[in-house]
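When we follow this note's numbering, the leftmost residue of the sequence shown carries the number 58, and every step to the right adds one. Note that CB positions come from ideal geometry on N, CA and C, so glycine has one too. The structure displayed is predicted, hence computed values, not measured ones.
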Amino acid sequence: MGKAVEALLKAKTAPEGRSISAHVKRVRYEIMMAVRYALTISIVGNLERHVKLITELLAET
């Protein structure tokens, strides 16, 4: 989520040559991608844990 915070801090100043609205759209996109990445990582991590647990339980039977 560090990327999302950085993007919010940069949102107030548009780079030279870019309109404010284009910059805001880019910042929103960067925040969305940072959140999506964080959610994907947590889902995959949980899935790996469950697969490992199920494999261990099946090995015991």
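Can you find a heavy atom of the ligand MG that lies under 7 angstroms from the Cβ of residue i?
i    : result
K109 : Looking for the ligand MG in the displayed structure turns up nothing, as the structure carries no ligands at all.
Just verifying my parser: in three-state terms, what is the DSSP assignment at residue i?
i   : result
R85 : helix
R75 : coil
Under a Cβ-count criterion, where at least 16 other Cβ atoms within 10 Å of its own Cβ denotes burial, should residue i be classed as buried or exposed?
i   : result
V84 : buried
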